[in-house]
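Input: a single structure, listed below in structure tokens.
2 protein chains.
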Amino acid sequence: MKNDALFKDELAKLSLKVSKIISDDEFPCKVSPKFLRDAVKDYPSRRGKGLRPALLTWSCGLLGGNPQLALMPSAAVEIYHNWTLVHDDIIDRDSTRRGLPTCHTIIANFAKDTMSLKPDDAAKFGNDLAMLAGDIQQAWSTSMILRSEKLPAELRIFLAEKLQSNVNRPLISGEALDVESSAIFGKKLPSTREVEKICRLKTAALLSFCAESGAIIATFKNAAKPQYDSKSSEKLAKFADYCGLAFQLKDDWLGIYGDEETLGKPIASDIAEAKPTVLLLKTLELCQQKEKSEILSILGSKAGKREIGLIKKIMTSSGAESYVLRTSQKLASKALAILESFPQNKYRDLLEDWTHYVLDRKK
Amino acid sequence: MKNDALFKDELAKLSLKVSKIISDDEFPCKVSPKFLRDAVKDYPSRRGKGLRPALLTWSCGLLGGNPQLALMPSAAVEIYHNWTLVHDDIIDRDSTRRGLPTCHTIIANFAKDTMSLKPDDAAKFGNDLAMLAGDIQQAWSTSMILRSEKLPAELRIFLAEKLQSNVNRPLISGEALDVESSAIFGKKLPSTREVEKICRLKTAALLSFCAESGAIIATFKNAAKPQYDSKSSEKLAKFADYCGLAFQLKDDWLGIYGDEETLGKPIASDIAEAKPTVLLLKTLELCQQKEKSEILSILGSKAGKREIGLIKKIMTSSGAESYVLRTSQKLASKALAILESFPQNKYRDLLEDWTHYVLDRKK
Numbered sequence: 001m002k003n004d005a006l007f008k009d010e011l012a013k014l015s016l017k018v019s020k021i022i023s024d025d026e027f028p029c030k031v032s033p034k035f036l037r038d039a040v041k042d043y044p045s046r047r048g049k050g051l052r053p054a055l056l057t058w059s060c061g062l063l064g065g066n067p068q069l070a071l072m073p074s075a076a077v078e079i080y081h082n083w084t085l086v087h088d089d090i091i092d093r094d095s096t097r098r099g100l101p102t103c104h105t106i107i108a109n110f111a112k113d114t115m116s117l118k119p120d121d122a123a124k125f126g127n128d129l130a131m132l133a134g135d136i137q138q139a140w141s142t143s144m145i146l147r148s149e150k151l152p153a154e155l156r157i158f159l160a161e162k163l164q165s166n167v168n169r170p171l172i173s174g175e176a177l178d179v180e181s182s183a184i185f186g187k188k189l190p191s192t193r194e195v196e197k198i199c200r201l202k203t204a205a206l207l208s209f210c211a212e213s214g215a216i217i218a219t220f221k222n223a224a225k226p227q228y229d230s231k232s233s234e235k236l237a238k239f240a241d242y243c244g245l246a247f248q249l250k251d252d253w254l255g256i257y258g259d260e261e262t263l264g265k266p267i268a269s270d271i272a273e274a275k276p277t278v279l280l281l282k283t284l285e286l287c288q289q290k291e292k293s294e295i296l297s298i299l300g301s302k303a304g305k306r307e308i309g310l311i312k313k314i315m316t317s318s319g320a321e322s323y324v325l326r327t328s329q330k331l332a333s334k335a336l337a338i339l340e341s342f343p344q345n346k347y348r349d350l351l352e353d354w355t356h357y358v359l360d361r362k363k
Numbered sequence: 364m365k366n367d368a369l370f371k372d373e374l375a376k377l378s379l380k381v382s383k384i385i386s387d388d389e390f391p392c393k394v395s396p397k398f399l400r401d402a403v404k405d406y407p408s409r410r411g412k413g414l415r416p417a418l419l420t421w422s423c424g425l426l427g428g429n430p431q432l433a434l435m436p437s438a439a440v441e442i443y444h445n446w447t448l449v450h451d452d453i454i455d456r457d458s459t460r461r462g463l464p465t466c467h468t469i470i471a472n473f474a475k476d477t478m479s480l481k482p483d484d485a486a487k488f489g490n491d492l493a494m495l496a497g498d499i500q501q502a503w504s505t506s507m508i509l510r511s512e513k514l515p516a517e518l519r520i521f522l523a524e525k526l527q528s529n530v531n532r533p534l535i536s537g538e539a540l541d542v543e544s545s546a547i548f549g550k551k552l553p554s555t556r557e558v559e560k561i562c563r564l565k566t567a568a569l570l571s572f573c574a575e576s577g578a579i580i581a582t583f584k585n586a587a588k589p590q591y592d593s594k595s596s597e598k599l600a601k602f603a604d605y606c607g608l609a610f611q612l613k614d615d616w617l618g619i620y621g622d623e624e625t626l627g628k629p630i631a632s633d634i635a636e637a638k639p640t641v642l643l644l645k646t647l648e649l650c651q652q653k654e655k656s657e658i659l660s661i662l663g664s665k666a667g668k669r670e671i672g673l674i675k676k677i678m679t680s681s682g683a684e685s686y687v688l689r690t691s692q693k694l695a696s697k698a699l700a701i702l703e704s705f706p707q708n709k710y711r712d713l714l715e716d717w718t719h720y721v722l723d724r725k726k
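Those sequence lines, one after another, are chains A and B. Be aware that the first sequence starts at 1, since it is given in the working numbering, and climbs by one per residue. Be aware that the second sequence starts at 364, since it is given in the working numbering, and climbs by one per residue.
Okay, here's the thing in structure tokens:
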């Protein structure tokens, strides 16, 4: 890290600013009934790491833009990230998120306790209403960009359109491919390459948008046709793409080797869900036939400590663990090399630390 | 009707143009996997009645605007309407829509047949992926407005933002209130007034947006701050609001008294789902105590022909049926009176016929 204390301080300060914009914003106020309004505000007000707002704002600063201009779009990407999590949690049947109950779980509990619905009806009610909460959050995020009054109209249109075409489409396609390959996992193993593609779509699309948007905000010229430094913005999008895949590899690794309490979610849920991660696919590719059969018989069931321990051991001994960590490291180096190509300034240092933070994190 | 043949001809021509814009649009092309791409295109390519595009385009014409400018936004509202139907069908567990299987049913069948998933897993897969299809359609619709290149940037922002704030929020709030009051129906009957409020939110919000947008497109002046004929656009929004509630009352009536084959969906599904419609609430308010108990014992279960016949009889004899038809007629008169206040032209005649069409329809 260049300057760990400065980085953490800047990240915390920015995260606070973005949180304030989100909590002050009146978009959710007119949502009814109250429990839906609460659900719309919930995830965006849970303090996340703020990695996406930082990427957007600092990319703007890197190219000499005024970081203040990037604040509303930063709040928008944070909300955007959160609506995808709400729908993701429904699909994955996850019950906790950042150490707290998931959106659909909270609503299902509300339906059980306050509306006296039977467990099955309450669960369906939770899923249905959480779906609607995510639907509103998606609109909230777009609205936030359109209401970024410090930005010229042409720029707001450009960014809001990119959010629909370059984020929504790939991100949801990635999610769908992920769900599809999980569902047919027992019948057909995807290749490591296919899983990497899914990671890129699911994670890197939004990160690339953040870096690119920051660059575009910094260099936008309001001409008859939008003009901006496309070379720099494309380089930064590539930087974020590398980081996104590295991030996801690290995420998969943490899902197995991380600490449950620090993570705030159950360890090895990827195994119970038979989620095709690069770590798992590489393990199946590298391990012995007998080990492969053992792993496949455990996947998708409620694995106990013994089973998880066994899979973890095979992941390490097969070399898959070190492959994943090595690849993640390589991608980080490529990302850092891109940053190096920009003139040094405060924001380049922060983005460098951001990259290390993403890869050295424990949660 | 002013001129039934002309109206139908104009509606069909407009509907064809809008369908072509939708089917030619490349937004869904990059969606994968293929079955999700197909799902995204499906509802918007099923020929609906095209009532929303007509309302938008003709409102633009009414105020002297060029109807060509309203075509992309008209395609956008048609797609918007369809994404809400996809999520609505998941919530209502409906299996048919416009005479064809619903989005989640098609995907569930695909999962069963092609991916060999077990029935329960296939049903969950269908719901999850249909949710994602709707998510993409929501973005598609917004993207369409942002890409309406014939409109000035400030106007595109204005309309796209209205779509998030004035349509998404009330429409989904209405949907949520509807689901909530259905869920607690056995324990607490909503008032007719509450149900009317839900109708307004669920149906009238998008219709008002259509009429208002048409008026705004026609009268927009690209000044430092957006300017348009707000008096006319508000009058037209009110016109659409009356029509929206009248439309919903007629819809509820058709759901009981309509013809199953003409409608393309099962009769009396509102009864099986214990859906709190104005027709039902008014019946419970007006009928005798013994009849009320009979109705309440049938609601929410799979009612047979005998039970549906009984409820239908009570709805008529209690005066609730005529209340609903009368109210719908009164709202239509108010709507038509608003139209009368505009100078006569071709589009005023078309909107007048549109109003009659909405209320005299058989499906």
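Note that the Cβ used here is the ideal one computed from N, Cα and C, for glycine as well. Please read all numbers here as calculations on a predicted model, not as lab measurements.
#1: Within a Cβ cutoff of 6 angstroms, which residues of the same chain sit near A/Ile198, ignoring the five residues on either side of it in sequence?
#2: Output the distance between the C-alpha atoms of B/Leu599 and B/Lys550, rounded to the nearest integer angstrom.
#3: So, for B/Ser571: in the same chain, excluding its five sequence neighbours on each side, which residues have a beta-carbon less than 6 angstroms away from its beta-carbon?
#4: If we require 4 or more residues per run, which alpha helix (DSSP H) segments fall completely within the region 461-488 of chain B?
#5: Using a Cβ-Cβ cutoff of less than 6 angstroms, which residues in the same chain neighbour B/Lys404 once the five nearest sequence positions on both sides are dropped?
#6: By alpha-carbon positions, which one of A/Gly300, A/Met72, A/Ala268, A/Ala223 ends up nearest to A/Ser181?
#7: Tell me whether the beta-carbon of A/Ala76 lies closer than 7 angstroms to the beta-carbon of B/Glu517.
#8: Beta-carbon within less than 6 angstroms of A/Ile90's beta-carbon, same chain only, minus the 5 sequence neighbours each way: which residues are those?
#9: What's the call for B/Lys487, buried or exposed, on a 16-neighbour Cβ count within 10 Å?
#10: Could you compute how far the alpha carbon of A/Gly319 sits from the alpha carbon of A/Glu194?
#11: Please state if the CB of B/Arg415 and the CB of B/His444 are separated by a distance shorter than 7 angstroms.
#12: Does the separation of the CB atoms of B/Thr505 and A/Thr142 fall below 7 angstroms?
#13: What would DSSP say about B/Lys584, mapped onto helix, strand or coil?
#14: Count Cβ pairs between the region 411-425 of chain B and the region 496-505 of chain B that sit closer than 8 angstroms; are there 3 or more?
#15: Cβ of B/Asp491 less than 7 angstroms from any chain A Cβ?
#16: B/Leu426 and B/Ser595 - do their beta-carbons sit closer together than 7 angstroms?
#17: For a cutoff of 7 angstroms on Cβ pairs, would you count B/Gln500 as touching chain A?
#18: Identify which residue in B/Gln590, B/Lys709, B/Asp716 has its Cα closest to the Cα of B/Ala429.
#19: Give a yes or no on whether 7 angstroms exceeds the smallest Cβ distance from B/Asn531 to chain A.
#20: Less than 7 angstroms between C-beta atoms, sequence neighbours within five positions excluded: which residues of the same chain meet that for B/Ala581?
#21: For the 8 angstroms Cβ check, are there 3 or more pairs between the region 666-680 of chain B and the region 633-653 of chain B?
#22: Does the distance from the C-beta atom of A/Glu260 to that of A/Ile267 stay below 7 angstroms?
#23: Going by beta carbon distance, what residues of the same chain come within less than 7 angstroms of B/Glu373, once the five residues before and after it are set aside?
#24: Give a yes or no on whether the minimum CB-CB distance between A/Glu78 and chain B is below 7 angstroms.
#25: When you compare the region 688-699 of chain B with the region 654-674 of chain B, are there three or more beta-carbon pairs, one atom per stretch, that lie closer than 8 angstroms?
#26: Quick one: is B/Glu389 buried, meaning 16 or more other Cβ sit within 10 Å of its Cβ, or exposed?
#27: Drop a sphere of 10 angstroms on the beta-carbon of A/Ala246, count the other beta-carbons inside from all chains shown, and report buried for 16 or more, exposed for fewer.
#28: So, with DSSP's three-state summary, where would you put A/Gln68?
#29: With a threshold of 7 angstroms on Cβ separation, who are the neighbours of A/Leu359 within its own chain once the five nearest residues in sequence on each side are excluded?
#30: Using the three-state DSSP reduction, which class does B/Thr447 fall into: helix, strand or coil?
#31: Since A/Ala139 and A/Ala122 are thought to touch, with beta carbons under 8 angstroms apart, how far apart are those beta carbons, to the nearest angstrom?
#32: Can you list, in chain order, the residues of its chain whose CB lies under 7 angstroms from that of B/Ala567, leaving out five sequence neighbours each side?
#33: To the nearest angstrom, report how far apart A/Lys202 and B/Ser685 are at their CA atoms.
By the coordinates alone:
#1: Excluding sequence neighbours, A/Ile198 sits near Gly174, Leu177, Asp178.
#2: 39 angstroms
#3: In its chain, beyond the 5 residues on either side, Ala600, Ala603, Asp604 have a beta carbon closer than 6 angstroms to the beta carbon of B/Ser571.
#4: 466-476
#5: Pro391
#6: A/Gly300
#7: no
#8: His104, Asn127, Ala130
#9: buried
#10: 20 angstroms
#11: In this structure, B/Arg415 lies closer than 7 angstroms to B/His444 by Cβ.
#12: yes
#13: strand
#14: Segments in contact, no.
#15: yes
#16: yes
#17: no
#18: Rather than Ala, the amino acid found at residue 429 of chain B in this sequence is Asn. Ranking the options by Cα distance to B/Asn429, first place goes to B/Lys709.
#19: yes
#20: Cys423, Leu426, Gly427, Gly428
#21: yes
#22: Closer than 7 angstroms, so yes.
#23: Close CB contacts of B/Glu373 within its chain, under the 7 angstroms cut and outside five residues either way in sequence, are with Leu713 (chain order).
#24: no
#25: no
#26: By the 10 Å Cβ count, B/Glu389 comes out exposed.
#27: Classified as buried, A/Ala246 has 16 or more neighbouring CB atoms from the shown chains inside 10 Å of its CB.
#28: helix
#29: Contacts found: Ala246, Lys250, Ser328, Ala332.
#30: Per DSSP, reduced to three states, the secondary structure at B/Thr447 is helical.
#31: Actually they do not touch by this definition, with Cβ atoms about 26 angstroms apart.
#32: Ala603, Asp604, Gly607, Leu608
#33: 54 angstroms
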